[in-house]
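Asker: Residue numbers (this note's numbering): 16 to 526.
Ideal Cβ positions, reconstructed from N, Cα and C, are used throughout, including at glycine.
Take this structure, written in structure tokens, and hold onto it; I'll ask about it next.
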Amino acid sequence: MKRFIMVWGLLAFAGTMVFGLGLETSALAARVETLYRSAGRAMPTVSIPVSTNELHHALKLLLAADLTDELREEAGELDRVLTELVGTGEISAQISASPEYYHNVDRSEFTRQVIRENPFAELGLGYGYYGGPYLFAQAALQREWSYSTSATNIPSPQPGNPVPFENNLLRTGYVYFPAGLADITFGRQQIAIGPDSSNSLMVSSRVPFLDALKVTMSLGNLKMTALTSTLDNGRAVPDTAGTAIPLSYDFNINTILYNIHYFEYAWPRVRLGIGSQVLLARQMNNFQLGDFFPVFTWHNADIVPNNMCLLMDVTYVPAPNVELFAQLGFDDISGESVGVADSGVPTIDAYIAGVAVEFSGLNLSASATGGYTHYLWGNFDLTDFLARAIYRIESDGSHKSMPLTSTYGPGALWMDTQVTWGWQDFNGSLSYIALGKTPGANPYSTAYESSAALEDAAREWTHTISLGLSYDILEWANVTVIPGVTITGGAPEFQLEASGRVWKRFSRAID
16 MKRFIMVWGL
26 LAFAGTMVFG
36 LGLETSALAA
46 RVETLYRSAG
56 RAMPTVSIPV
66 STNELHHALK
76 LLLAADLTDE
86 LREEAGELDR
96 VLTELVGTGE
106 ISAQISASPE
116 YYHNVDRSEF
126 TRQVIRENPF
136 AELGLGYGYY
146 GGPYLFAQAA
156 LQREWSYSTS
166 ATNIPSPQPG
176 NPVPFENNLL
186 RTGYVYFPAG
196 LADITFGRQQ
206 IAIGPDSSNS
216 LMVSSRVPFL
226 DALKVTMSLG
236 NLKMTALTST
246 LDNGRAVPDT
256 AGTAIPLSYD
266 FNINTILYNI
276 HYFEYAWPRV
286 RLGIGSQVLL
296 ARQMNNFQLG
306 DFFPVFTWHN
316 ADIVPNNMCL
326 LMDVTYVPAP
336 NVELFAQLGF
346 DDISGESVGV
356 ADSGVPTIDA
366 YIAGVAVEFS
376 GLNLSASATG
386 GYTHYLWGNF
396 DLTDFLARAI
406 YRIESDGSHK
416 SMPLTSTYGP
426 GALWMDTQVT
436 WGWQDFNGSL
446 SYIALGKTPG
456 ANPYSTAYES
466 SAALEDAARE
476 WTHTISLGLS
486 YDILEWANVT
496 VIPGVTITGG
506 APEFQLEASG
516 RVWKRFSRAI
526 D
């Protein structure tokens, strides 16, 4: 019983709901990652969520290392807990409510809404076995995205709309099952790949969900992730059509595929990742098996047209509790830079780099992340406009959209610094974000060609400083206030977010 209590303590809310060890194990994964960092070692994967079996594998690798007695005891206890739980099953339900209030908080863009606005209520249902087959579904009561000027996320009655919440309630719904060395997840799921899960050059945790088939496989220190998903093909508000659209190519007609092949290998202090992502939308939905092959599709044998991007990332832990990471991507590489005639499209690159430090004795952590995206990042030919890196979601009233492969989209330069701390039932954070955007750079209407005007354009800067304070009133309730100041080319503007959260989890063992 003591170990079960320990597990559910680890699975307390950590920013998002956690629904047990079947697959959604973010809080436990965060604890394992902290153990790795404390030991001066690199976590072997940045492809999340991480399954129970993958966490178990990571703990086995950690226990084989040279650890202090304290770290070995903690890692060993977690390993014993997982070992005892594997094969046991449960049926579970979890419900939560999160009323939020916003004062002067900019949510004019859908990306900002996704980042700043949580559903008013959520209900999750799970059935399955730890380390075995698992079914999970989650529904969310989300105020309609169209009411971006509302001061609250509560779906209060509006003129002509007495219950203004999104009809697309299902946020998550998947089946997970292990198959030998592989873990397979099929359905609607939230996925992130990259050293910075909240702002990756691949899919990040800020993308609400993907309808996908995801397969991961670990072979010693090597892990492979293969993902095939379909994206919503409805026309969103900012979308512009291409030129001379053939009858067989348009919104609501063509399937849009988003495929990822990613490999990562971990040494004691270094983890290296390399992969590709490709968006496909062809006339008559002309897809071929080669579109789904890893490595084969990366260059010489690729099947056109495709919007393919190559990416690399690295994590380095130079000392205990210190982590450095970087990610780079190339959406296109121009031969003209080395004197070879090419299409006229410039080299399209993007970079992210950061550092994270933990002061375990003080319950304090700090991080700084910076990034850059080219003004054509995620863009593509006008005649193949459906293959641009755009995430769309069906919404009451109209489709909404956001950049798929970078939170801030093309033409962005940013720095994000965070300091977080905790003391008893109090938690706090102090953040500073500087974001510079190139006017006119977007994945919707920017011409897919070299542009001296965009290259030389002065960026429009936004600076935001915020202080987050949270208090756990009970084991199942907390309150949070986040005052802040935003400066966008003029006088500072004060903003405030306030929220409360209550939750309850029910579970019953099954044979």
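For I130, which three-state DSSP category applies?
Answerer: Translated into the one-based positions of the sequence shown, residue 130 becomes position 115. Here I130 sits in helix by DSSP.
Asker: Does the separation of the CB atoms of L82 and A90 fall below 8 Å?
Answerer: Here residue 82 refers to the residue found at position 67 of the sequence shown. Here residue 90 refers to the residue found at position 75 of the sequence shown. Yes; because the gap between Cβ atoms is below 8 Å, this pair is in contact.
Asker: Contact between the segment 213-224 and the segment 415-431 is defined here as three or more beta-carbon pairs at a separation below 8 Å; is this criterion met?
Answerer: The segment 213-224 is in contact with the segment 415-431.
Asker: Could you tell me the alpha carbon to alpha carbon distance between L511 and I405, rounded to whole angstroms?
Answerer: Start at 1 with the first residue of the sequence shown, and residue 511 comes out as number 496. Start at 1 with the first residue of the sequence shown, and residue 405 comes out as number 390. One C-alpha to the other measures close to 30 Å.
Asker: Who are the near neighbours of G143 in its chain, counting only those whose CB is closer than 8 Å to its CB and skipping five residues on each side?
Answerer: Counted from its first residue, the sequence shown places residue 143 at position 128. For G143, where only same-chain residues beyond five positions count, the Cβ hits under 8 Å are G37, G104, E105, Y149, L150, F151, Y191.
Asker: Give every residue of the same chain whose Cβ lies closer than 7 Å to the Cβ of F509, excluding the five residues on either side of it in the sequence, and list them in chain order.
Answerer: Position 494 of the sequence shown, counting from 1, holds the residue named residue 509. Counting only Cβ-Cβ distances below 7 Å, and skipping sequence neighbours, we find N119, V500.
Asker: Where does the unbroken beta strand (DSSP E) through E338 begin, and where does it stop?
Answerer: The residue labelled residue 338 in the question sits at position 323 within the sequence shown. 337-347 is the span of the beta strand (DSSP E), which, as asked, contains E338.
Asker: Runs of 3 residues minimum, wholly inside the segment 142-173: which ones carry the beta strand (DSSP E) assignment?
Answerer: 149-156
Asker: When you compare the CB positions of I363 and H389, do they come within less than 8 Å of one another, or not?
Answerer: Sequence index remark: in the sequence shown, residue 363 carries index 348 (1-based). Sequence index remark: in the sequence shown, residue 389 carries index 374 (1-based). Their beta carbons are under 8 Å apart, which means I363 touches H389 by this criterion.
Asker: Considering only DSSP beta bridges, list what W392 is partnered with.
Answerer: In the sequence shown, residue 392 corresponds to position 377, counting from 1. In DSSP, W392 forms no bridge with anything.
Asker: Report the rounded CA-to-CA distance for T31 versus G359, giving the unit in angstroms.
Answerer: Residue 31 sits at position 16 when you count from the first residue of the sequence shown. Residue 359 sits at position 344 when you count from the first residue of the sequence shown. The predicted model places T31 with a pLDDT of 29, which falls under 50 and marks its position as unreliable, so this point remains unresolved.
Asker: Between the C-alpha atoms of T435 and S446, what's the straight-line distance to the nearest angstrom?
Answerer: The residue given as residue 435 occupies position 420 in the sequence shown. The residue given as residue 446 occupies position 431 in the sequence shown. If I take the Cα positions, the gap works out to 9 Å.
Asker: I'd like to know whether the C-beta atoms of D247 and I408 end up nearer to each other than 8 Å.
Answerer: The residue labelled residue 247 in the question sits at position 232 within the sequence shown. The residue labelled residue 408 in the question sits at position 393 within the sequence shown. Against a cut-off of 8 Å, the Cβ pair of I408 and D247 comes out as a contact.
Asker: Near V293, which residues of its chain fall below 6 Å by C-beta distance, leaving aside the five closest residues on each side in sequence?
Answerer: By one-based count along the sequence shown, residue 293 stands at place 278. Apart from the 5 residues on each side of it in sequence, V293 sits with its Cβ closer than 6 Å to the Cβ of N274, N321, M323 in its chain, given in chain order.
Asker: Grab me the residues of N183's own chain with a C-beta within less than 6 Å of its C-beta, minus the 5 sequence neighbours each way, in chain order.
Answerer: For the purposes of this step, residue 183 is identified with residue 168 of the sequence shown, where counting begins at 1. Result list for N183: E409, in chain order.
Asker: In its own chain, which residues sit with a C-beta less than 6 Å from the C-beta of G424, not counting the 5 before and 5 after it?
Answerer: One-based indexing of the sequence shown puts residue 424 at position 409. Answer for G424: P418, listed in chain order.
Asker: Tell me the rounded alpha-carbon separation between I479 and P170.
Answerer: Position 464 of the sequence shown, counting from 1, holds the residue named residue 479. Position 155 of the sequence shown, counting from 1, holds the residue named residue 170. First, the residue type needs correcting, since residue 479 is Thr and not Ile in the sequence shown. Roughly 28 Å separates the two Cα atoms.
Asker: Between which two residues does the beta strand (DSSP E) holding R284 run?
Answerer: Along the sequence shown, read from residue 1 onward, the residue named residue 284 stands at position 269. Careful: R284 lies outside any beta strand (DSSP E) and carries neither H nor E.
Asker: Going by beta-carbon coordinates alone, are L450 and W491 separated by less than 8 Å?
Answerer: Locating residue 450 in the sequence shown gives position 435, where the first residue counts as 1. Locating residue 491 in the sequence shown gives position 476, where the first residue counts as 1. For the pair L450 and W491, the CB atoms are not nearer than the 8 Å cut-off.
Asker: Pop quiz: F180 and Y189 are said to be a contact at Cβ under 8 Å. What is the actual Cβ separation, rounded to whole angstroms?
Answerer: Start at 1 with the first residue of the sequence shown, and residue 180 comes out as number 165. Start at 1 with the first residue of the sequence shown, and residue 189 comes out as number 174. Not a contact, Cβ separation roughly 23 Å.
Asker: Quick check: the segment 58-69 against the segment 230-243, are at least 3 beta-carbon pairs closer than 8 Å?
Answerer: Yes: the two stretches touch, three or more of their Cβ pairs being nearer than 8 Å.
Asker: What number of angstroms, rounded off, separates the C-alpha of Y51 from the C-alpha of D328?
Answerer: Residue 51 sits at position 36 when you count from the first residue of the sequence shown. Residue 328 sits at position 313 when you count from the first residue of the sequence shown. C-alpha separation (whole angstroms): 18 Å.
Asker: Between the Cα of H129 and the Cα atoms of V517, I271, A281, S163, which residue gives the shortest distance?
Answerer: Residue 129 sits at position 114 when you count from the first residue of the sequence shown. Checking the sequence shown, residue 129 turns out to be Val, not His. With distances taken between Cα atoms, V129 lies closest to S163.
Asker: Just list the residues that DSSP pairs K452 with in beta bridges.
Answerer: Position 437 of the sequence shown, counted from the start, is the residue given in the question as residue 452. Per DSSP, A427, E475.
Asker: Which residues bound the alpha helix (DSSP H) around V96?
Answerer: Looking up residue 96 in the sequence shown gives position 81. Per DSSP, V96 belongs to the alpha helix (DSSP H) from 84-100.
Asker: Closest Cβ-Cβ distance between E512 and chain B: below 8 Å?
Answerer: Although the question refers to chain B, the structure presented lacks it and comprises just one protein chain.
Asker: Classify A506 as helix, strand or coil using the three-state DSSP reduction.
Answerer: The residue given as residue 506 occupies position 491 in the sequence shown. In this structure, A506 counts as coil in the three-state DSSP scheme.
Asker: Might you give, ordered along the chain, the residues of its own chain that have their beta carbon closer than 8 Å to the beta carbon of D94, omitting 5 neighbours on each side?
Answerer: If you number the sequence shown from 1, residue 94 lands on position 79. For D94, where only same-chain residues beyond five positions count, the Cβ hits under 8 Å are H71, L74, K75, L78.
Asker: Give the DSSP bridge partners of V370, in chain order.
Answerer: Position 355 of the sequence shown, counted from the first residue, corresponds to residue 370. Paired residues: L339, A383.
Asker: Smallest Cα separation from D471: which of Y486, G455, L377?
Answerer: Taking the first residue of the sequence shown as position 1, residue 471 is located at position 456. Of the candidates Y486, G455, L377, G455 places its Cα closest to the Cα of D471.
Asker: Ignore the nearest five residues each way along the sequence and tell me which others in P309's own chain have a CB closer than 6 Å to its CB.
Answerer: Translated into the one-based positions of the sequence shown, residue 309 becomes position 294. Answer for P309: H276, listed in chain order.
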